[in-house]
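Colleague:
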Amino acid sequence: MVQDTNSSVPKPDWLQIVLVGRRPAATLVRILVLVALCVFTFKFVLLPIRVEGISMEPTYHDRRIDCVNRLAYWRHEPRRGDVVSIRFSDPGKFVAPRAMLLKRIIGLPGESVAFHDGRVYIDGRMLDEPYLKNSCDWEHPPIQCGPDQYYVVGDNRSMPFEYHTQGLAERERILGKVLL
Amino acid sequence: MKLAVRLGLLAALGGLGFWLWTICFPNPEKVVLGRIAKLAAVASVDPGDGGLTRATKVGNLLAYFSADAVISYDVPGLGAHTLTGRDELREIAAGGFANVKALTVRFQDATAKVGADQRTAVVSCTARVSAGDAQDFGVQELRIELRKLEGDWRVTRLETVRTLQ
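Residue numbers (my numbering), protein chains in the order written: chain L, 1 to 180; chain W, 1 to 165.
Below you can see the structure in the form of structure tokens.
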């Protein structure tokens, strides 16, 4: 007579399967790995941010949620047109700061950046900026970027030049590129 | 099994001892950062704070600064100003605390470096200041110098740092 071996093992009920799976130990390991992966990713690689303020309007609206990719400049240096996050004080080598500036790079190391009649001039040549929607009348003589400096500015240039946070950012302050 | 339990207990005892050690003899950098966090709390005003509370807060705030403290700030919209000594600071703080409905000061991303003499320290942090719901002074990088005077860390110099040159 052949005995059914499965009949001696109690079958887990459907609620247990839904909550912890058929093998609870494996489910627990999966959950721990997933949590560790999420913590690592969102703490060190993709930093979740909430935009505050209007300096990047209309590209980035106030209170918009986004992410900063800290690995964007792993293989190449920041490029013109990139929207980057710039740290204020340095909380440590790998620790993500709680407050950052969100700006667009318009000037690269070694270039000179000037504003004339609201237009940006890089080394004397006008820069095409399709992301700008508002016209402005900014005037500023050329500013020379150092060998390790990038000129950053917001997309909303409707306010006076002196009220808009902009200028030269050291490379070490640039944390990463905004994802979307 | 007995050995494992004993080892576990020993490890727990070691952990407890270390924790007590850090409580009794805290790292000077942690003490400085704690002092800075308290300074932010003292510099904040709740909407429900009355005149007497606000006046007391001004006194408490001054206790965090040395007699010859220098505060130098350059904030867009407010311009560049320098305050020297407790008297000037008292005047500005009393006026500010009396006129704002609420003031929230937070020092974030703070790091402290204590000098080799263990009596001076420099804190780098990002200050977020907002006055109630109406006015937001935004975010500003700060550099704060402290000195240990009469057993307490006191601010000798506080200045804003231009994040973008």
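A virtual CB, placed ideally from N, CA and C, is assigned to each residue, including glycine.
Give the residues of chain L in contact with W/ARG128, contact being defined as C-beta atoms less than 7 Å apart.
Modeller: Taking the first residue of the second sequence as 1, we reach residue 128 of chain W at position 128. Ordered by position in chain L, the residues that pass the 7 Å Cβ test against W/ARG128 are ALA99.
Colleague: Please check if any C-beta of chain W sits within less than 7 Å of the C-beta of L/LEU175.
Modeller: The residue given as residue 175 of chain L occupies position 175 in the first sequence. With 7 Å as the cut-off, L/LEU175 does not count as an interface residue toward chain W.
Colleague: At a Cβ cut of 8 Å, what residues of the stretch 149–162 of chain L count as close to chain W, listed as they run along the chain?
Modeller: Residues passing the 8 Å Cβ filter: GLN149, VAL152, GLU162.
Colleague: In chain order, what are the residue ranges of uninterrupted beta strand (DSSP E) at least 3 long that sit wholly in the stretch 62–140 of chain L?
Modeller: Taking only runs of at least 3 residues, the beta strand (DSSP E) segments lying wholly in the stretch 62–140 of chain L are 65–69, 83–87, 100–107, 112–116, 119–122.
Colleague: Within its chain, find whatever has a CB closer than 6 Å to the CB of L/MET1; leave out the 5 residues flanking it on each side and keep chain order.
Modeller: The residue you call residue 1 of chain L lines up with position 1 of the first sequence. Reliability fails at L/MET1, whose pLDDT of 47 lies under 50, so the model's placement of it is uncertain and the value that follows must be treated cautiously. Excluding sequence neighbours, L/MET1 sits near nothing in its chain.
Colleague: What residues match up with W/HIS81 in a beta bridge as DSSP calls it?
Modeller: For this step, residue 81 of chain W is matched to residue 81 along the second sequence. Bridge partners of W/HIS81: W/TYR73.
Colleague: Where does W/LEU16 land, buried or exposed, given buried means 16+ other C-beta within 10 angstroms?
Modeller: Sequence index remark: in the second sequence, residue 16 of chain W carries index 16 (1-based). By the neighbour-count rule (16 or more Cβ atoms within 10 Å), W/LEU16 is not buried but exposed.
Colleague: Taking the beta carbon of W/TYR64 as the centre, do at least 16 other beta carbons fall within 10 Å, making it buried, or is it exposed?
Modeller: Position 64 of the second sequence holds residue 64 of chain W. Answer is buried; the Cβ neighbour count reaches 16.
Colleague: Less than 7 Å between CB atoms is the rule here; does L/SER55 satisfy it with respect to chain W?
Modeller: Taking the first residue of the first sequence as position 1, residue 55 of chain L is located at position 55. No, no contact with chain W.
Colleague: Compute the Euclidean distance between the alpha carbons of W/SER124 and W/LEU158, then round it to the nearest angstrom.
Modeller: For the purposes of this step, residue 124 of chain W is taken as the residue at position 124 of the second sequence. For the purposes of this step, residue 158 of chain W is taken as the residue at position 158 of the second sequence. Cα to Cα, W/SER124 sits roughly 10 Å from W/LEU158.
Colleague: Nearest by alpha-carbon distance to L/GLY146: which of L/LEU168, L/ASP137, L/ASP117 is it?
Modeller: In the first sequence, the residue the question calls residue 146 of chain L occupies position 146. Of the listed residues, the one whose Cα sits closest to L/GLY146 is L/LEU168.
Colleague: Within 10 angstroms of its Cβ, does W/ALA127 collect 16 or more other Cβ (buried), or is it exposed?
Modeller: As a first step, residue 127 of chain W is located in the second sequence; it is residue number 127 there, counting from the start. Label assigned to W/ALA127: buried.
Colleague: Using DSSP's beta-bridge definition, name the partner residues of L/LEU28.
Modeller: Here the question's residue 28 of chain L lines up with position 28 in the first sequence. None; L/LEU28 has no bridge partner.
Colleague: For L/ALA25, decide whether its Cβ has a neighbour in chain W, counting only Cβ atoms nearer than 7 Å.
Modeller: Along the first sequence, read from residue 1 onward, the residue named residue 25 of chain L stands at position 25. No, because no Cβ of chain W sits closer than 7 Å to the Cβ of L/ALA25.
Colleague: How would you list, in chain order, the residues of chain L whose beta-carbon sits under 7 Å from the beta-carbon of W/VAL139?
Modeller: Locating residue 139 of chain W in the second sequence gives position 139, where the first residue counts as 1. Residues of chain L passing the Cβ test: PHE88, ALA99.
Colleague: Can you name the start and end residues of the beta strand (DSSP E) that W/ARG54 belongs to?
Modeller: The residue you call residue 54 of chain W lines up with position 54 of the second sequence. From DSSP, W/ARG54 is part of no beta strand (DSSP E) but of the alpha helix (DSSP H) over 51–62.
Colleague: So for L/TYR163, helix, strand or coil by DSSP?
Modeller: Reading the first sequence from its first residue, position 163 is the one you call residue 163 of chain L. The answer is helix: DSSP assigns L/TYR163 an H, G or I state.
Colleague: Kindly say whether L/VAL2, judged by its beta-carbon, lies nearer than 7 Å to any beta-carbon of chain W.
Modeller: To locate residue 2 of chain L, count along the first sequence from 1; it is residue 2. With a pLDDT of 48 at L/VAL2, under the threshold of 50, the predicted position of this residue should be treated as unreliable, and no value is reported.
Colleague: Confirm, please, whether the CB-CB distance from W/LEU61 to W/ARG43 is below 7 Å.
Modeller: Locating residue 43 of chain W in the second sequence gives position 43, where the first residue counts as 1. Locating residue 61 of chain W in the second sequence gives position 61, where the first residue counts as 1. The sequence given here places Ala at residue 43 of chain W; Arg does not occur at that position. Contact: yes.
Colleague: Give me the Cα-Cα distance between W/LEU39 and W/VAL155, rounded to the nearest whole angstrom.
Modeller: For the purposes of this step, residue 39 of chain W is taken as the residue at position 39 of the second sequence. For the purposes of this step, residue 155 of chain W is taken as the residue at position 155 of the second sequence. For W/LEU39 and W/VAL155, the distance between alpha carbons rounds to 10 Å.
Colleague: Just to confirm before moving on: does the CB-CB distance between L/TRP138 and L/GLY118 stay below 7 Å?
Modeller: Position 138 of the first sequence, counted from the first residue, corresponds to residue 138 of chain L. Position 118 of the first sequence, counted from the first residue, corresponds to residue 118 of chain L. Taking 7 Å as the Cβ cut-off, L/TRP138 and L/GLY118 qualify as a contacting pair.
Colleague: Please identify, using Cβ separations under 9 Å, the residues of the stretch 28–54 of chain L that lie next to chain W, in order along the chain.
Modeller: Listed in sequence order: GLU52, GLY53.
Colleague: Per DSSP, what kind of secondary structure is L/VAL2 in: helix, strand or coil?
Modeller: By 1-based counting over the first sequence, the position of residue 2 of chain L is 2. Residue placement at L/VAL2 cannot be trusted, given a pLDDT of 48 that sits under 50; what the coordinates show is reported in the next sentence. If DSSP states are grouped into helix, strand and coil, L/VAL2 belongs with coil.
Colleague: Nearest CA to the CA of L/LEU127: which residue from L/ALA99, L/ARG80, L/ARG22?
Modeller: Reading the first sequence from its first residue, position 127 is the one you call residue 127 of chain L. That would be L/ARG80, whose Cα lies nearest to the Cα of L/LEU127.
Colleague: Going by the beta-carbon positions, is the gap between L/VAL120 and L/ARG104 smaller than 7 Å?
Modeller: Position 120 of the first sequence, counted from the first residue, corresponds to residue 120 of chain L. Position 104 of the first sequence, counted from the first residue, corresponds to residue 104 of chain L. For L/VAL120 and L/ARG104, no; Cβs fall outside 7 Å.
Colleague: Between the C-alpha atoms of L/ALA26 and L/PRO130, what's the straight-line distance to the nearest angstrom?
Modeller: Position 26 of the first sequence, counting from 1, holds the residue named residue 26 of chain L. Position 130 of the first sequence, counting from 1, holds the residue named residue 130 of chain L. Taking the straight line from one Cα to the other gives about 52 Å.
Colleague: Let me see if you follow: with CB-CB separation under 7 Å, is L/LEU168 close to chain W or not?
Modeller: Numbered from its first residue, the first sequence carries residue 168 of chain L at position 168. At least one chain W Cβ lies under 7 Å of L/LEU168.
Colleague: Quick check on DSSP: helix, strand or coil for W/PRO26?
Modeller: Indexing the second sequence from 1 puts residue 26 of chain W at position 26. In this structure, W/PRO26 counts as coil in the three-state DSSP scheme.
Colleague: Can you tell me whether DSSP reads W/LEU164 as helix, strand or coil?
Modeller: To locate residue 164 of chain W, count along the second sequence from 1; it is residue 164. W/LEU164 falls in the coil class under three-state DSSP.
Colleague: Note the first and the last residue of the continuous alpha helix (DSSP H) segment covering L/LEU180.
Modeller: If you number the first sequence from 1, residue 180 of chain L lands on position 180. Element bounds for L/LEU180: n/a, residue is neither H nor E.
Colleague: Given that L/GLY92 touches chain W, what residues does it touch there, using C-beta distances under 7 Å?
Modeller: Against the first sequence, residue 92 of chain L aligns to sequence position 92. What L/GLY92 touches in chain W: THR111.
Colleague: Under 7 Å between C-beta atoms, does L/VAL178 make it to chain W?
Modeller: Counting from one through the first sequence, the residue named residue 178 of chain L turns up at place 178. By this cut-off, L/VAL178 is not an interface position.
Colleague: Taking the alpha-carbon positions, what's the W/LYS166 to W/THR120 distance?
Modeller: Nothing about residue 166 of chain W can be reported from this structure: the residues present for chain W run from 1 to 165 only.
Colleague: So with CB distances below 9 Å, who are the chain L contacts of W/GLN108?
Modeller: Translated into positions along the second sequence, residue 108 of chain W becomes position 108. In chain order: PHE88, SER89, PRO91, PRO97, ARG98, ALA99.
Colleague: For the stretch 43–63 of chain W, which residues have a CB atom closer than 9 Å to at least one CB atom of chain L, in sequence order?
Modeller: Residues: none.
Colleague: Locate the alpha helix (DSSP H) running through W/VAL171, then write down its first and last residues.
Modeller: Nothing about residue 171 of chain W can be reported from this structure: the residues present for chain W run from 1 to 165 only.
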